[in-house]
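Down below is the structure, laid out as structure tokens.
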Amino acid sequence: MNKILKQIEETGIVPVVVLNDAKDAEPLAQALCDGGLPCAEVTFRTDAAEESIGIMTEKFPDMLIGAGTVLTTEQVDRAVAAGAEFIVSPGLNPKVVKYCVDKGILIIPGCANPSDVEQAIEYGLEAVKFFPAEQAGGLAYIKAIAAPYVSMKFMPTGGINPDNVKAYLAYDRILACGGSWMVKSGFINAGEFDKIKAMVEEAVEIVKESRRK
């Protein structure tokens, strides 16, 4: 498996972060690291995303930082230039996926049906995002579509929370879960980084419990 994918799998939960102001990037990264999750998917939904990725990668070089909601090849270039080590997209855009594959950039595209998964396999990908996870059928649906594709791993995102994440992580075909409950914009905008750290610590414990053999 790709080295970055192994890191993501070991982390178990990838915090999906929306930053409206780059000034929050450093204290948020600090809270994630202190809480035990040195990883983040910073979504390109805001103008602050690119600068925030740059700050996080510079101040916390040991963190694994990816860019999410990447929709174009131009965004791929900006994200990687800022320091992103992996790309996540809500769907499987063949142009964007091929661009990343050709450049040796790890991409985890969103898939919600067998046809999407087969396209991902065609591109040589080892893992896909399953989005929107709960709305698209949840864990039962992932188990159903995973059966024919024995080498593919899934990263469910969308509707993942403390009540259901443990069940997802217990399934061996789940790479990790994308979650935003511990990094809600309300917490970030209010500067409640101690609360974020505490919720991250709880998330880390859930990962340990769900993967304990």
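Note that the working numbering numbers the sequence shown so that position 137 is 209, with each residue one more than the last. Beta carbons are placed, not taken as given, at the ideal position from N, Cα and C, and that holds for glycine.
Among the options, the one whose alpha carbon lies nearest that of residue i
{"i": "V90", "options": "K78, L178, L164, I125", "result": "I125"}
{"i": "A103", "options": "I278, M271, A121", "result": "M271"}
{"i": "Y240", "options": "F202, F259, V255", "result": "F202"}
{"i": "P228", "options": "K267, M135, A151, P181", "result": "P181"}
{"i": "I84", "options": "A97, P99, A94, A112", "result": "Per the sequence shown, the amino acid found at residue 84 is Gly instead of Ile. Closest by alpha carbon: A112."}
{"i": "I162", "options": "A205, R245, I127", "result": "The sequence given here has Pro at residue 162, not Ile. It is A205 whose Cα lies nearest to the Cα of P162."}
{"i": "K269", "options": "K256, K280, E281", "result": "K256"}
Coarse secondary structure for residue i, derived from DSSP in three states
{"i": "V90", "result": "coil"}
{"i": "V114", "result": "strand"}
{"i": "F132", "result": "coil"}
{"i": "L164", "result": "coil"}
{"i": "G263", "result": "coil"}
{"i": "I125", "result": "helix"}
{"i": "A248", "result": "coil"}
{"i": "G258", "result": "helix"}
{"i": "L241", "result": "helix"}
{"i": "I80", "result": "helix"}
{"i": "S223", "result": "coil"}
{"i": "M271", "result": "helix"}
{"i": "L211", "result": "helix"}
According to DSSP, residues forming a beta bridge with residue i
{"i": "F202", "result": "C183, P228"}
{"i": "E98", "result": "DSSP lists no partner for E98."}
{"i": "C105", "result": "BP columns for C105 are empty, so no partner."}
{"i": "G140", "result": "T115"}
{"i": "L178", "result": "F158"}
{"i": "I85", "result": "C249"}
Under 8 angstroms between C-beta atoms of residue i and residue j
{"i": "I76", "j": "E157", "result": "yes"}
{"i": "T115", "j": "T141", "result": "yes"}
{"i": "G210", "j": "V88", "result": "no"}
{"i": "A94", "j": "E123", "result": "yes"}
Rounded Cβ spacing between residue i and residue j (contact assumed at less than 8 angstroms)
{"i": "V152", "j": "I177", "result": "6 angstroms"}
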